[in-house]
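Following: one structure in structure tokens, then a few remarks.
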Amino acid sequence: MARIIIVACKRIQDVTCVSCMKCFKGMRERVGEFARYQNEPLELVALGDCGDCPGLVMPKLVLIRDLAKLLDSDFDVVHLGTCIVKATKTAKCPIDLEATARRIKEILGKEVVIGTHPW
Ligand code: SF4
Ligand code: SF4
6 MARIIIVACK
16 RIQDVTCVSC
26 MKCFKGMRER
36 VGEFARYQNE
46 PLELVALGDC
56 GDCPGLVMPK
66 LVLIRDLAKL
76 LDSDFDVVHL
86 GTCIVKATKT
96 AKCPIDLEAT
106 ARRIKEILGK
116 EVVIGTHPW
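The sequence shown finishes on residue 124 if you use my numbering, and the numbering steps up by one all the way, no holes.
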């Protein structure tokens, strides 16, 4: 069982990426960055936003980790959504994906995957 959370761009989630349907479809069909879970059950523990500009993702993730512990709903992997990847490439998102992935591993001790659905 892979227990994951997805972090979305607050400016994109449910605005231009409506209702997060792309990530739900990606998870169901095990495509994009979800292909790595081809042969195992997948639990989405949380789907929340980055905390907004200018890149408040680390404090937000610490809150998510603490709440997950409180609710006995821990997770193993943090997916940085395709929305965040797009925001860094096509807009002025200040998040440094590689540096953020390293900090998540160091501070939270969780695996990190950059990206989610393939569309
Ligand atoms: S990429 Fe995924 S997490 Fe981000 S807004 Fe779209 S569906 Fe939601
Ligand atoms: S910091 Fe980046 S990912 Fe978060 S809302 Fe701003 S543009 Fe989106």
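We treat Cβ as the ideally placed atom computed from N, Cα and C, and that holds for glycine. Since the structure is predicted, the reported quantities are computational estimates derived from the model, not experimental observations.
query, result
"Beta carbon of F80 nearer than 8 Å to that of K110", "no"
"C-beta contact flag for L12 and V83 at 8 Å", "A small fix is needed here, since residue 12 is Val in this sequence, not Leu. Going by C-beta atoms, V12 is nearer than 8 Å to V83."
"Bounding residues of the alpha helix (DSSP H) (the contiguous stretch that carries R33)", "26–34"
"P64 beta carbon near ligand 2 (any heavy atom closer than 7 Å)", "no"
"Selected residue, minimal CA-CA separation from V50, among M63, R70, Q18, L61", "R70"
"L66 versus P123, M6, I10, W124, residue with shortest Cα-Cα distance", "I10"
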